[in-house]
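Numbered according to numbering that gives the first Met the number 0, the sequence shown spans residues 0 to 74.
Yeah, the Cβ is synthetic: ideal placement off N, Cα and C, and Gly gets one too.
All values reported here derive from a predicted model rather than from experimental measurement.
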Amino acid sequence: MKVVRCSFCPQLLLTPESRARGYGPICGQKRGLIPKPTPRHRALTTPVKPVTTPTVHPDQTAIPIQPELPKDLLP
Numbered sequence: 000m001k002v003v004r005c006s007f008c009p010q011l012l013l014t015p016e017s018r019a020r021g022y023g024p025i026c027g028q029k030r031g032l033i034p035k036p037t038p039r040h041r042a043l044t045t046p047v048k049p050v051t052t053p054t055v056h057p058d059q060t061a062i063p064i065q066p067e068l069p070k071d072l073l074p
């Protein structure tokens, strides 16, 4: 196996992809030749706090689609 070094630093290139490019992933990212990896999941910006009001119970997991009308409003 032929020893190949990075074009920008003395680092040895071990993967076939980096040997073909002529530089390693760190040097490529520093110079803008390789895009930096993006996170797979977006972090939550603020913690989610459950809503607790007199009409919503803490164990309630859904909101009714059609709210019940008070009996005095029905015709």
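Excluding five sequence positions before and after valine 2, none of the CB atoms of its chain fall closer than 6 Å to its own CB. A straight line joining the alpha-carbon of proline 15 with that of threonine 44 spans about 39 Å. Residue environment for leucine 12: buried (at least 16 other C-beta atoms within 10 angstroms of its C-beta).
Arginine 4 is bridged by DSSP to Leu11. By the neighbour-count criterion, in which a residue is buried when 16 or more other Cβ atoms sit within 10 angstroms of its Cβ, serine 17 is buried.
In the structure shown, glutamine 28 falls within a helical segment according to DSSP collapsed to helix, strand and coil. Annotation for tyrosine 22: Cys5, Ser6 and Phe7 place their beta carbon closer than 6 Å to its own, counting only its chain and skipping 5 residues before and after.
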